[in-house]
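Chemist: Just dropping this structure here.
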Amino acid sequence: SYGAVGGVEPAAKMVAELRSRFGRHLALFEPQLRLAEAWLAAAQGNVSAAIELAVHAGDMAKRSGQRAIELRALHDAIRFGDRSALQRAVDVASGMGGWLAPIYGAHAAALADRDAAVLDGDGIVQLRRMAVEIAWRER
Numbered sequence: 100s101y102g103a104v105g106g107v108e109p110a111a112k113m114v115a116e117l118r119s120r121f122g123r124h125l126a127l128f129e130p131q132l133r134l135a136e137a138w139l140a141a142a143q144g145n146v147s148a149a150i151e152l153a154v155h156a157g158d159m160a161k162r163s164g165q166r167a168i169e170l171r172a173l174h175d176a177i178r179f180g181d182r183s184a185l186q187r188a189v190d191v192a193s194g195m196g197g198w199l200a201p202i203y204g205a206h207a208a209a210l211a212d213r214d215a216a217v218l219d220g221d222g223i224v225q226l227r228r229m230a231v232e233i234a235w236r237e238r
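Start counting the sequence shown at 100; every next residue gets the next number (my numbering).
The following block contains the structure:
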């Protein structure tokens, strides 16, 4: 989260602390650690490393059956500029419930299709409305 807002120093401290406490007993959380490292890399301006780490986090999450974390990692990679993750994100999102997966899937599909109508300001508003409607239905 620090990395997402450009807070390099606090993000670096957080990642260092996470690494110092990490071990086999926390292996389940390794994809999230990789995502924290990805955001740190992005905050440091190393977008290529950020993409690589996010995709790796997605791969790790997939292998351990963590579909939501896989989708989040793919979405982060896409946010960093990785177009290679678009179809995979659409596919993962289509097999999930919840309110966020359809939004991530629609976003990835719009980018893959180069659908400016979905990606402009009004389209983003529609995606947010969709999220609210889904959340209300699932309450």
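Where a beta carbon is used, it is the ideal one built from N, C-alpha and C, also for glycine.
Please classify residue 126 as buried or exposed, where buried requires at least 16 other C-beta atoms within 10 Å of its C-beta.
Modeler: One-based indexing of the sequence shown puts residue 126 at position 27. When all chains shown are included, residue 126 counts as exposed.
Chemist: Within 10 angstroms of its Cβ, does residue 235 collect 16 or more other Cβ (buried), or is it exposed?
Modeler: As a first step, residue 235 is located in the sequence shown; it is residue number 136 there, counting from the start. The residue in question, residue 235, is exposed, as its Cβ has fewer than 16 Cβ neighbours within 10 Å.
Chemist: Out of 168, 177, 123 and 159, which has the shortest C-alpha to C-alpha gap to residue 149?
Modeler: Taking the sequence shown and counting its residues from 1, one reaches residue 149 at position 50. Nearest of 168, 177, 123 and 159 to residue 149, Cα basis: 177.
Chemist: Is residue 236 helix, strand or coil when you go by DSSP?
Modeler: What you label residue 236 is simply residue 137 of the sequence shown in a count that begins at 1. Helix, per DSSP.
Chemist: Determine the extent of the alpha helix (DSSP H) in which residue 184 is found, giving its start and end residues.
Modeler: Within the sequence shown, the letter at position 85 stands for residue 184. Taken as a continuous stretch (DSSP letters only), residue 184 belongs to no alpha helix (DSSP H), as it is neither H nor E.
Chemist: Using only CA atoms, which one of 164, 174, 165 and 166 lies nearest to residue 151?
Modeler: Translated into the one-based positions of the sequence shown, residue 151 becomes position 52. That would be 174, whose Cα lies nearest to the Cα of residue 151.
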